[in-house]
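Okay, so here's the structure we're looking at.
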Ligand code: EPU
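Numbering (this note's numbering), first residue to last: 102 to 525.
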């Protein structure tokens with residue numbers, strides 16, 4: 102078993118560059134299904150989720166070549182319609198092939214997806230939206246099975262601005278007959294990125310980045326070359342990391358507007374934040390002050406930064422109230438952070454965190470991608486050694502995390518340790 106071993110005490114200092122956003126990259130790969138021919142994606146993160154998504158597409162009939170930060174997808178005229186359980190269960194984003202397959206092929210059979218253990222993650226809005234467009238959808242033996250002769254444009258009002266549902270309906274609507282309106286659509290920068298690629302492919306979309314997307318369907322799209330936007334969640338991880346270790350980090354490769362709330366909170370906490378065109382610098386000479394934080398759909402503070410926000414609050418001066426509004430199980434990592442001595446009390450979707458000058462190193466377990474990163478950062482603020490296990494979660498979202506941390510001055514390494522599981 103591999104673990105990340107962190108010795109606390111270092112202040113993160115230096116420059117770091119983020120690559121393309123996982124949560125855009127995976128959906129852009131699904132979007133490649135919409136056009137026959139060769140799609141090329143640049144600035145792709147080298148993470149396991151991309152490898153799994155490549156395999157999902159191969160099984161549907163595409164030829165996929167993954168090299169460094171470039172992914173090339175050759176989509177055939179005739180696609181298979183099925184995405185099987187053993188792959189899909191490992192990756193939430195694989196549900197994003199549902200809309201494109203249905204639009205291109207009139208049939209899709211996609212297993213119920215897996216993904217992080219951060220709460221219930223329904224598909225009702227994906228399904229209701231596609232049904233509104235005329236699809237017949239049933240649940241069969243763990244699979245979502247969808248049929249449609251030709252999808253018809255419709256007006257769809259989402260109960261919640263779901264990222265995945267917005268993307269699936271959007272990718273179905275670009276090849277539907279007539280106009281589709283998605284109201285209460287998600288506004289995340291990753292949705293704007295997908296809209297930009299789809300528009301370059303020949304789709305007609307209005308309102309990208311707003312709550313109302315209007316899509317005029319077309320008969321055919323063409324493949325394109327596209328560069329993925331920078332990963333705001335990794336960038337936000339570095340921002341919190343710099344502030345909580347009282348460091349000085351300049352992050353390149355991301356639009357600071359995509360982290361407006363995070364950077365504003367860090368400023369309120371006493372950090373010195375400078376924004377650049379394609380990056381930002383966070384400096385924090387003294388112990389940060391406690392601040393209250395609330396996660397919300399974009400442009401609110403990203404739920405994916407919640408573990409970093411809690412880790413930050415755990416070492417800030419004072420008491421912070423942290424509220425989670427997107428996933429009902431997002432606080433599952435709190436027990437692990439408490440092992441490091443963090444004083445955290447949760448009640449429903451709130452956590453009260455009483456900051457401590459220093460945490461105390463201990464063995465902890467990553468419960469999901471972001472919790473894993475948050476625990477590593479907390480380990481940097483702990484006296485002694487922290488060992489984070491189950492780091493396959495971190496590898497799903499953070500390319501070269503340990504190398505980048507070490508380059509910023511952290512005492513950190515990946516080490517193989519004997520597996521501590523045993524059977525009675
Ligand atoms: N929801 C439903 N029904 C649906 C769809 C969503 O009830 O049909 C609920 C979910 O259970 C959740 C909320 O709506 O409570 C928001 O879910 P959303 O659909 O917005 O999230 P997602 O598309 O499943 C993506 C990212 C997550 C990120 C969220 C929110 C991908 C692959 N995943 O998930 O990223 O937290 O949006 O921004 O894009 C991560 O990268 O670590 C990660 C978990």
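Each residue gets a CB set at the ideal place from its N, CA and C atoms; glycine is no exception.
- Boundaries of the alpha helix (DSSP H) around residue 231: 225-233.
- A Cβ-Cβ contact shorter than 8 Å links residue 259 with residue 226.
- Per DSSP, residue 337 is one residue of the alpha helix (DSSP H) stretching across 333-345.
- For residue 231 against residue 265, the beta-carbon gap comes to about 12 Å, at or over 8 Å, which does not count as contact.
- Taking a cut-off of 8 Å for Cβ pairs, the segment 411-424 and the segment 392-403 touch, as three or more such pairs fall below it.
- The beta carbon of residue 377 sits closer than 6 Å to none of the beta carbons in its chain outside the five residues before and after it.
- Counting C-beta pairs closer than 8 Å gives fewer than three between the segment 120-134 and the segment 502-513, which falls short of the contact rule.
- With fewer than 16 other beta carbons inside 10 angstroms of its own, residue 241 counts as exposed.
- Residue 452 and residue 444 have their C-alpha atoms roughly 10 Å apart.
- In terms of Cβ geometry, residue 303 and residue 278 do not form a close pair [threshold 8 Å].
- If you look at residue 490, you'll find it in the beta strand (DSSP E) that goes 486-490.
- Shortest Cα-Cα distance from residue 357 to any of 374, 346 and 347 involves 374.
- Assigned with DSSP and collapsed to three states, residue 142 falls in strand.
- Look at the beta carbons and you see the segment 202-215 touching the segment 171-186: at least three pairs across the two are nearer than 8 Å.
- By the criterion of at least three beta-carbon pairs nearer than 8 Å, the segment 324-334 is in contact with the segment 141-151.
- Excluding residues up to 5 positions away in sequence, 176 and 178 lie with their Cβ nearer than 6 Å to the Cβ of residue 137 in the same chain.
- Within 10 angstroms of the beta-carbon of residue 223 lie fewer than 16 other beta-carbons, which makes it exposed.
- Distances taken from the Cβ of residue 226 to the heavy atoms of the ligand EPU include one shorter than 7 Å.
- Nearest neighbour of residue 397 by Cα position, chosen from 385, 291, 379 and 427, turns out to be 427.
- Residue range 380-384 is occupied by the beta strand (DSSP E) that includes residue 380.
- When the Cα atoms are used, residue 236 and residue 249 turn out to be separated by approximately 5 Å.
- Within the model, the alpha-carbon separation for residue 477 versus residue 511 is close to 10 Å.
- The ligand EPU has a heavy atom closer than 7 Å to the beta-carbon of residue 405.
- For residue 262, the number of other beta carbons within 10 angstroms of its own is at least 16, and it is reported as buried.
- If you check the C-beta of residue 199 against the ligand EPU, you find no heavy atom less than 7 Å away.
- Counting only the Cα atoms, residue 503 lies some 36 Å from residue 271.
- Around the Cβ of residue 164, a 10 Å sphere holds fewer than 16 other Cβ atoms; the residue is exposed.
- By alpha-carbon distance to residue 142, the top candidate from 341, 115 and 125 is 125.
- Its Cα nearest to that of residue 418, the residue 367 stands out among 367, 498 and 441.
- Judged by DSSP secondary structure, residue 448 falls within the beta strand (DSSP E) whose first and last residues are 444-448.
- The alpha-carbon of residue 321 is positioned some 18 Å away from that of residue 130.
- A check of alpha carbon separations from residue 300 across 286, 325, 346 and 284 identifies 325 as the nearest.
- Placement of the Cβ of residue 289 at a distance of less than 7 Å from at least one heavy atom of the ligand EPU is found.
- Around the beta carbon of residue 379, fewer than 16 other beta carbons lie within 10 angstroms, which makes this residue exposed.
- By DSSP's assignment, residue 269 forms no beta bridge with any residue.
- Residue 473 sits close to residue 494, with the two beta carbons spaced by under 8 Å.
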